[in-house]
Each structure stands twice: as structure tokens, then as C-alpha cells.
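Data first, discussion second: the structure below is written as C-alpha cells.
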Amino acid sequence: MEKLSVPILLGTNRKDRQSEHVARWLLQVMQKRDDLETTLFDVREFDLPNDDYGTVIKDLFPKWRDAIIGADGLVIIAPEYNHGYPGILKTVLDLLLKEYIHKAVALVGVSAGPWGGTKVVEQLVCVVRELGLTVTFTDLNFAKVQDVFDEHGNIKGPEQYEKRAKSFLDELVWMSSALRWGRANLK
Ligand SMILES: Cc1cc2nc3c(=O)[nH]c(=O)nc-3n(C[C@H](O)[C@H](O)[C@H](O)COP(=O)(O)O)c2cc1C
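Counting in our numbering, the sequence shown runs from 221 upward without gaps.
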């Protein structure tokens, strides 16, 4: 099977963000698989205007637009901020609409607290549904993320996370493959 195209979106621009460690680790995990190809997008790299919003400005970001047009799925890495998602993540997601339809999305929750961003994941489900994305049921959660990586950003005790990432990605591959078939074969 032709590789599935599944970009990653890192959803915070906060300096000292822990979510960047998660993104870089997951990028490596995904790059080792032979059924996926991926690119890391970082909300920090979007030079967003402060006087406009939504799909009217999508052509300012052709790399992101074209990646989603060509994508089969998407991974969103979302840190939990007051039980919700960072505003900049929503602003970047709002740049596109029809480009997402009938593609898969898998959600990664990241938090300092013990629940691994479960609340931000639930909030994002409402948003991605409106975007036309189909969300998988196998989230990946990083609780107490400040304890998960060392000072160089290397994951401590990778085995448990590799196992969970495999389930997370296997389900994303299933959903992305099914939707790719659907887009090609169904009206
Ligand atoms: C504005 C703000 C609100 C936050 N709210 C929560 C929260 O509701 N629950 C939680 O577990 N951690 C919360 N945190 C901590 C983040 O989850 C923590 O910074 C974690 O490292 C992931 O975010 P990061 O990628 O910005 O580091 C909050 C952090 C910020 C900056």
C-alpha cells in the first residue's frame, strides 16, 4: 500500500513548552514506520495576522494548506490549558475547512497534571468534528509531562510510550486507510 500522509501539528507556541518534546519523539516514532510519512508543523511558525481569521487567510499558509490537501490523516498535539486548547491551535485549525473533510485525526493530550490532557482532548473532539475530520478512539496521553523527558528532551522509560504509540498509530492507520478508500470510491 502507498504510504499514508499524516502530518503532525504541534499546538502551542509557549516558550519552554514540554509539548515540543512529545512532538519530536512522536515524529521519530512515526518516521520509523513503513506505512506512514509525516511532517511536523509547529503553530509557532504561522505568522498569523492579528486582524483576520479563518479560511479567508488560508492562502497565506500554502505549505500547511497543501499538506492537508494531500493528507490522509492528522495528528494534533494539544497541551491542556485551563481544561481547553491553546487559542493559537484553534486559530491554525480554523485556516482550513473543506480540506479536512473525510480525513482521520488522532489526538495527543499533554498536561502537567495527572490526567494526561483528557479534558483538552474531549474539547478538541467537538472542534475536529465540525471541521469534517473523523476522530480515532485511541488517544495518546502524556500526564505529568515534566517528568516524562530528561533535560535533553529524551524520553525516560520509552517502552511504555512506544507500546501506547503503536496502538494509537495502528488505529490511525486503519481509519486513514478506510477513509482514503472512501474518498476514492464513494460519492
Ligand atoms: C495557561 C495555562 C493553563 C494550564 N492549565 C492546565 C490545566 O488545566 N491542567 C493541567 O494539567 N495543566 C495545565 N497547565 C500546564 C500545562 O499542561 C503544562 O505546561 C504542560 O507542560 C503542557 O503544556 P506546554 O506544552 O505548554 O508545556 C496549564 C498551563 C498554562 C500555560
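No residue lacks a Cβ here, since even glycine has one placed at the ideal position from N, Cα and C.
- In the structure shown, the three-state DSSP call for Phe281 is coil.
- Asp271 carries a coil assignment under DSSP once its states are collapsed to helix, strand and coil.
- Annotation for Lys407: no beta strand (DSSP E) segment contains it, and DSSP assigns it neither H nor E.
- The C-alpha of Ala385 lies about 33 Å from the C-alpha of Lys407.
- Set against 7 Å, the gap from the CB of Gly333 to the closest heavy atom of ligand 1 is smaller.
- Taking the Cα positions, Met221 is about 10 Å away from Leu256.
- Distances between the C-beta of Arg234 and the heavy atoms of ligand 1 include at least one below 7 Å.
- Under the three-state reduction of DSSP output, Leu317 falls in the coil class, being neither helix nor strand.
- For Glu300, the shortest separation between its Cβ and any heavy atom of ligand 1 lies below 7 Å.
- The C-beta of Asn361 has 16 or more other C-beta atoms within 10 Å across all chains shown, which makes the residue buried.
- Cβ contact annotation for His303 (same chain, cutoff 6 Å, sequence separation greater than five): Lys339, in chain order.
- Among the bridge pairs identified by DSSP, Gly290 is matched with none.
- Membership of Val226 in any beta strand (DSSP E) is not indicated, and neither H nor E is assigned to it by DSSP.
- In this structure, DSSP gives Thr311 a helical state, which the three-state scheme calls helix.
- Under the three-pair Cβ rule at 8 Å, the stretch 328-339 counts as touching the stretch 235-247.
- Rounded to whole angstroms, the separation of the alpha carbons of Cys346 and Gly293 is 17 Å.
- Contact between Ala363 and Trp394 does not hold, since the beta-carbon distance rounds to 26 Å and is not under 8 Å.
- Here Lys376 carries a coil assignment [DSSP, helix/strand/coil].
- Going by DSSP, Lys339 is part of the alpha helix (DSSP H) stretching over 338-350.
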